[in-house]
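Q: Numbering (our numbering), first residue to last: 88 to 580. Where a beta carbon is used, it is the ideal one built from N, C-alpha and C, also for glycine. Supplied in structure tokens, the structure appears directly below.
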Amino acid sequence: MRTSGVLMPISSLPSPYGIGTMGKAARKFVDFLKKGGQKYWQILPICPTSYGDSPYQSFSSFAGNPYFIDLEILCKDKLLTKKECESFDWGGSEQYIDYGTMYVSRYALLRKAYVRFVKAIPQEYWDFCDREREWLDEYALFMALKDINGGVAWSEWPEQYKHRHWDALEAVRQQNADDINFYKMLQYLFFKQWNELKAYANENGIQIIGDVPIYVSGDSADVWANPDQFYLDEARNPIDVAGCPPDAFTADGQLWGNPLFRWDAMKWDGYSWWTKRISAMAKLYDIVRIDHFRGFDSYYAIPAGSTNAKIGEWRQGPGMDLFNVLEQKLGKLPIIVEDLGFLTPSVHQLLKDSGFPGMKVIQFAFDSREGSDYLPHNYPTHCVVYSGTHDNDTSEGWMKNAPKESVKFAKEYLNLTKEEGYSWGMMRGAWASVADMAIVPMQDLLGLGTEARINTPSTLGNNWKWRATADQINNKLAARLYKYTEMYGRLNR
Numbered sequence: 088m089r090t091s092g093v094l095m096p097i098s099s100l101p102s103p104y105g106i107g108t109m110g111k112a113a114r115k116f117v118d119f120l121k122k123g124g125q126k127y128w129q130i131l132p133i134c135p136t137s138y139g140d141s142p143y144q145s146f147s148s149f150a151g152n153p154y155f156i157d158l159e160i161l162c163k164d165k166l167l168t169k170k171e172c173e174s175f176d177w178g179g180s181e182q183y184i185d186y187g188t189m190y191v192s193r194y195a196l197l198r199k200a201y202v203r204f205v206k207a208i209p210q211e212y213w214d215f216c217d218r219e220r221e222w223l224d225e226y227a228l229f230m231a232l233k234d235i236n237g238g239v240a241w242s243e244w245p246e247q248y249k250h251r252h253w254d255a256l257e258a259v260r261q262q263n264a265d266d267i268n269f270y271k272m273l274q275y276l277f278f279k280q281w282n283e284l285k286a287y288a289n290e291n292g293i294q295i296i297g298d299v300p301i302y303v304s305g306d307s308a309d310v311w312a313n314p315d316q317f318y319l320d321e322a323r324n325p326i327d328v329a330g331c332p333p334d335a336f337t338a339d340g341q342l343w344g345n346p347l348f349r350w351d352a353m354k355w356d357g358y359s360w361w362t363k364r365i366s367a368m369a370k371l372y373d374i375v376r377i378d379h380f381r382g383f384d385s386y387y388a389i390p391a392g393s394t395n396a397k398i399g400e401w402r403q404g405p406g407m408d409l410f411n412v413l414e415q416k417l418g419k420l421p422i423i424v425e426d427l428g429f430l431t432p433s434v435h436q437l438l439k440d441s442g443f444p445g446m447k448v449i450q451f452a453f454d455s456r457e458g459s460d461y462l463p464h465n466y467p468t469h470c471v472v473y474s475g476t477h478d479n480d481t482s483e484g485w486m487k488n489a490p491k492e493s494v495k496f497a498k499e500y501l502n503l504t505k506e507e508g509y510s511w512g513m514m515r516g517a518w519a520s521v522a523d524m525a526i527v528p529m530q531d532l533l534g535l536g537t538e539a540r541i542n543t544p545s546t547l548g549n550n551w552k553w554r555a556t557a558d559q560i561n562n563k564l565a566a567r568l569y570k571y572t573e574m575y576g577r578l579n580r
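Shown next, in the form of structure tokens:
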């Protein structure tokens with residue numbers, strides 16, 4: 088069945104309070120997708136962001152981002168007042184997120200909500216805490232310890248906290264119960280709002296595609312609470328870290344810095360951590376997109392402390408063994424995988440054996456440094472095609488910044504014209520292809536340039552900031568989207 092959807096991070100939704108949330112604007116976006124004939128809303132990871140503001144570097148693989156808690160819903164629930172919300176600074180731009188301001192204002196405001204929350208705690212909260220205690224207790228304790236230690240990474244905490252001495256942690260639980268409960272409340276509010284938003288999307292025929300990064304942040308409750316699952320030394324520092332080797336796009340490679348998994352230890356305990364993680368994500372989303380799939384076949388290991396990714400080695404990943412175990416334990420799950428990057432015959436074989444659809448990116452089709460696998464006439468039907476992803480420039484930006492010969496080839500191949508709009512021509516290439524599923528970024532629908540790019544890999548400080556304004560997501564755009572979706576047989580019926 089031919090289907091289509093839109094890639095739009097929750098953070099990029101319009102909002103008067105500095106960042107997109109799970110409130111009214113999110114429901115309006117669901118309405119927009121429905122009017123546009125779409126079936127899918129793809130989002131980026133929804134976990135709490137840490138240094139660098141990347142959703143792919145989080146304090147927990149299981150927790151939700153408190154920034155996405157809708158303040159207007161909290162006002163309706165009598166936990167905040169509109170006056171209080173308006174009294175805080177949310178940054179000076181409707182189009183870009185100011186994360187520094189967000190960090191200061193959000194948590195100060197949410198502490199006010201906590202003061203009211205504890206006066207009449209609903210039974211639902213206790214049920215939530217009991218149901219999610221396996222990850223929630225460790226996460227809330229981890230966040231309280233971060234506050235105690237001035238926000239530094241857990242690798243720099245005093246010995247008794249870093250190495251999880253039972254008596255020291257018990258003392259923190261007793262003395263900082265309020266702080267711990269504050270972080271639990273945030274998760275309760277997040278998941279309450281998330282479940283309501285997802286129910287609204289599903290009721291309107293929209294399925295949510297969620298993103299699961301392969302790696303977790305070194306400074307996370309995941310690594311702190313499960314050190315034997317990660318490649319750490321006796322002092323609990325990483326031995327080697329994750330990244331990608333140099334290629335035609337990046338001379339120094341990509342140094343991600345995440346700790347690597349101890350796949351042997353994970354195999355020994357039946358991949359219990361991965362089972363819990365994928366099980367949690369499958370409940371959160373209708374379809375799970377797994378990032379950096381090639382890392383399950385083989386992964387690149389860089390010595391910890393390196394300043395770039397030039398020196399490293401490829402090591403064997405778990406391959407189908409992991410996915411066979413996950414299927415035995417969780418059943419057949421709706422998964423799509425990001426199989427981009429340096430692909431070997433064994434990666435292609437793993438994709439084939441898994442049965443998961445891989446990804447095609449239209450922008451990659453016209454780069455002479457890449458093969459022609461990304462040209463639409465070479466696609467299998469069992470794949471997901473994108474005009475671009477969160478890691479690419481927008482289509483309009485690509486047309487302006489890509490090598491001249493690549494742009495010339497794209498114009499000829501897709502019959503691109505200024506009148507139609509270059510981004511619409513690129514999306515047409517995706518919609519017209521034989522791929523079962525086609526996803527386009529919201530910025531391409533809006534015809535925006537590089538100023539709306541979400542992320543430039545291996546750079547810090549100017550990513551994850553773009554936001555749409557309320558007037559941009561309108562009925563006229565939905566009607567145009569519907570027209571193309573109907574034309575190429577992808578209507579959500």
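When DSSP labels each residue in this structure, what does D298 get in the three-state scheme?
A: Numbered from 1 along the sequence shown, position 211 holds the residue referred to as residue 298. Reduced to three states, the DSSP call for D298 is strand.
Q: Name the DSSP beta bridge partners of C331, please?
A: Your numbering for residue 331 matches position 244 in the sequence shown. Paired residue(s): Q341.
Q: Which residues in the same chain have their Cβ closer than 8 Å to the Cβ of A195, if we skip the five residues on either side of it in sequence?
A: In the sequence shown, counting from the first residue as 1, residue 195 sits at position 108. Closer than 8 Å at the Cβ level, and outside the excluded window around A195, lie F175.
Q: Nearest-angstrom Cα distance between E499 and G123?
A: Within the sequence shown, numbered from 1, the residue matching residue 499 stands at position 412. Within the sequence shown, numbered from 1, the residue matching residue 123 stands at position 36. The straight-line gap from Cα to Cα measures roughly 28 Å.
Q: Which class does P153 belong to by DSSP, given the choice of helix, strand or coil?
A: Counting from 1 along the sequence shown, the entry for residue 153 is found at position 66. Helix, per DSSP.
Q: Taking the runs of the beta strand (DSSP E) that are 3 residues or longer, which of them lie wholly in the stretch 463 to 498?
A: 470 to 473, all fully within the stretch 463 to 498.
Q: What's the call for F269, buried or exposed, on a 16-neighbour Cβ count within 10 Å?
A: Counting from 1 along the sequence shown, the entry for residue 269 is found at position 182. So F269 ends up on the buried side.
Q: Just checking my contact of D266 with D234 at CB under 8 Å: how many whole Å lie between their CB atoms?
A: The sequence position of residue 266 within the sequence shown is 179, counting from 1. The sequence position of residue 234 within the sequence shown is 147, counting from 1. Indeed, because the Cβ distance is near 6 Å, the residues count as touching under 8 Å.
Q: If I measure Cβ to Cβ from F453 and keep anything under 6 Å in the same chain, skipping five residues before and after, which residues do I get?
A: Here residue 453 corresponds to residue number 366 of the sequence shown, with the count starting at 1. Closer than 6 Å at the Cβ level, and outside the excluded window around F453, lie S493, F496, A497.
Q: Can you give me the C-alpha to C-alpha distance between D320 and E257, rounded to a whole angstrom?
A: On the sequence shown, residue 320 is found 233 positions in, with the first residue counted as 1. On the sequence shown, residue 257 is found 170 positions in, with the first residue counted as 1. The alpha-carbon atoms of D320 and E257 are separated by roughly 25 Å.
Q: Note the first and the last residue of the continuous beta strand (DSSP E) segment covering Q182.
A: Within the sequence shown, residue 182 is the residue found at index 95, counting from 1. Where Q182 is concerned, there is no enclosing beta strand (DSSP E), given that its DSSP letter is neither H nor E.
Q: Measuring only the C-alpha atoms, how far is S102 from V202?
A: Looking up residue 102 in the sequence shown gives position 15. Looking up residue 202 in the sequence shown gives position 115. Distance between the alpha carbons of S102 and V202: 25 Å.
Q: If we require 4 or more residues per run, which alpha helix (DSSP H) segments fall completely within the stretch 407 to 448?
A: With a minimum length of 4 residues, the continuous alpha helix (DSSP H) runs that stay inside the stretch 407 to 448 are 407 to 417, 432 to 441.
Q: Kindly list the residues whose CB is nearer than 8 Å to the CB of A391, restricted to its own chain and excluding five residues on each side of it in sequence; keep chain order.
A: Position 304 of the sequence shown holds residue 391. So the list reads N324, P325, I326, D327, V328, once near-sequence residues are dropped.
Q: Would you mind giving the Cβ-Cβ distance between S307 and F146, rounded to the nearest angstrom? I have them listed as a contact below 8 Å.
A: Reading the sequence shown from its first residue, position 220 is the one you call residue 307. Reading the sequence shown from its first residue, position 59 is the one you call residue 146. Yes, they are in contact, since the Cβ atoms of S307 and F146 sit about 5 Å apart, within 8 Å.
Q: Mind checking H379: buried by the 16 CB within 10 Å criterion, or exposed?
A: Position 292 of the sequence shown holds residue 379. Buried is the call here.
Q: Is the distance from the Cβ of P300 to the Cβ of I374 below 7 Å?
A: Residue numbering aside, residue 300 sits at position 213 when the sequence shown is read from its first letter. Residue numbering aside, residue 374 sits at position 287 when the sequence shown is read from its first letter. Not in contact: P300 and I374 (Cβ atoms no closer than 7 Å).
Q: Rank V93, Q450, K419 by C-alpha distance to the C-alpha of L564 and give the top, closest one.
A: Your numbering for residue 564 matches position 477 in the sequence shown. The residue with the shortest Cα to Cα distance from L564 is V93.
Q: According to DSSP, which residues form a beta bridge with D319?
A: Position 232 of the sequence shown holds residue 319. The sequence shown places Leu at residue 319, rather than the Asp named in the question. P325.
Q: In chain order, what are the residue ranges of uninterrupted alpha helix (DSSP H) at least 4 long that sit wholly in the stretch 520 to 554?
A: Whole alpha helix (DSSP H) segments, 4+ residues: 529 to 532.
Q: Any chance you could list the beta strand (DSSP E) runs of at least 3 consecutive residues sitting entirely within the stretch 103 to 149, in chain order?
A: List check, beta strand (DSSP E) in window: 127 to 129.
Q: Is it buried or exposed for A312, if we count other Cβ within 10 angstroms and need 16 for buried?
A: The residue given as residue 312 occupies position 225 in the sequence shown. A312 comes out buried.
Q: May I ask which residues mark the beginning and end of the beta strand (DSSP E) holding W70?
A: The shown model of the chain, from 88 to 580, leaves out residue 70, and the question about it has no answer.
Q: With a CB to CB cut of under 8 Å and the five nearest residues on each side skipped, what residues in its chain are close to S459?
A: Reading the sequence shown from its first residue, position 372 is the one you call residue 459. Result list for S459: A452, N465, in chain order.
Q: Could you name the residues that DSSP lists as bridge partners for A388?
A: One-based indexing of the sequence shown puts residue 388 at position 301. According to DSSP, which records beta bridges pairwise, A388 is partnered with A329, E400.
Q: For the alpha helix (DSSP H) that contains L94, what are its first and last residues?
A: The residue given as residue 94 occupies position 7 in the sequence shown. Not the alpha helix (DSSP H): L94 falls in the beta strand (DSSP E), residues 90 to 94.
Q: Leaving out five residues on either side along the sequence, give the residues of the same chain with a beta carbon under 7 Å from the beta carbon of M368.
A: Counting from one through the sequence shown, the residue named residue 368 turns up at place 281. Contacts found: G297, V299, V375.
Q: For F204, I'd like the list of residues in its chain whose CB is within less than 7 Å of its CB, leaving aside the five on either flank, ordered along the chain.
A: For this step, residue 204 is matched to residue 117 along the sequence shown. Excluding residues within five positions, the ones whose Cβ falls inside 7 Å are L166, M272.
Q: To which residues of the same chain is E225 closer than 8 Å at the C-beta, ignoring the five residues directly before and after it?
A: Here residue 225 corresponds to residue number 138 of the sequence shown, with the count starting at 1. A308, W311, A312, listed in sequence order.
Q: With 16 other CB atoms within 10 Å as the buried threshold, where does W355 fall?
A: Counting from 1 along the sequence shown, the entry for residue 355 is found at position 268. So W355 ends up on the exposed side.
Q: Are Q450 and N479 closer than 7 Å when you measure CB to CB?
A: Locating residue 450 in the sequence shown gives position 363, counting from the first residue. Locating residue 479 in the sequence shown gives position 392, counting from the first residue. Yes.
Q: Quick one: is K552 buried, meaning 16 or more other Cβ sit within 10 Å of its Cβ, or exposed?
A: If you number the sequence shown from 1, residue 552 lands on position 465. It counts as buried.
Q: So who's on the other strand from V375, going by DSSP bridges?
A: The residue you call residue 375 lines up with position 288 of the sequence shown. Partner(s): G297, I422.
Q: Does the Cβ of E425 have 16 or more other Cβ atoms within 10 Å, making it buried, or fewer, making it exposed?
A: As a first step, residue 425 is located in the sequence shown; it is residue number 338 there, counting from the start. The residue in question, E425, is buried, as its Cβ has 16 or more Cβ neighbours within 10 Å.
Q: Within its chain, find whatever has a CB closer than 6 Å to the CB of T537; leave out the 5 residues flanking it on each side and keep chain order.
A: To locate residue 537, count along the sequence shown from 1; it is residue 450. If we look at T537 and ignore the five residues flanking it on each side, its Cβ neighbours are D480, G484.
Q: Apart from the five residues just before and just after S510, which ones in its own chain have a Cβ nearer than 6 Å to its Cβ?
A: As a first step, residue 510 is located in the sequence shown; it is residue number 423 there, counting from the start. Cβ within range, chain order: S482, E483, D531, G534.
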